[in-house]
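According to the working numbering, the stretch in the sequence shown is residues 8 to 123, in order.
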Amino acid sequence: MLDLNLYKSKDSEVKKDVITLNGHFANSSQMAAPVPLSTYSALLRHHHNVGFLQTSFDLWDQADEMVFRTHSEDFFIQLEHQFGSLTLHCSLRKLVLIVSTAIKKIEKDRKGCSTK
């Protein structure tokens, strides 16, 4: 959790870096300074992965805000009682099970609302 909080504290800095690097890599055919290909490749991979990390935090924040705005806390509390807490250590299988169950519940609720 400490690392997560440290990363989040650098959120605006990371976003600026991603924009700068995206601009550089999109608009230049070669590096301004000679860099070994392996280093350049590592930088590209790192940049790509940090982009995923940044996106995951943005999506988490949006989802968190939406839960409270739509008063959906009870829906997620029910899922948590049924499956336990969703953590970074959960298996992909558990994640898929939770998401598919949530989708089925939403579809069932929508069908129930449309027949009323």
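Even glycine gets a Cβ: it sits at the ideal position worked out from N, Cα and C.
_Judging by CA-CA distance, which residue of R52, F82 and H96 is the nearest neighbour of I110?_
That would be F82, whose Cα lies nearest to the Cα of I110.
C-alpha distance - L86 paired with F75, whole-angstrom precision
For L86 and F75, the distance between alpha carbons rounds to 16 angstroms.
### Query
Can you list the alpha helix (DSSP H) stretches of 4 or more residues lying completely in the stretch 32 to 116, in chain order?
With a minimum length of 4 residues, the continuous alpha helix (DSSP H) runs that stay inside the stretch 32 to 116 are 44 to 76 and 80 to 90.
Determine, using beta-carbon pairs with one atom in the stretch 84 to 104 and one in the stretch 50 to 63, whether at least three such pairs fall under 8 angstroms. Between the stretch 84 to 104 and the stretch 50 to 63 there are fewer than three inter-stretch CB-CB distances shorter than 8 angstroms, so the stretches are not counted as touching.
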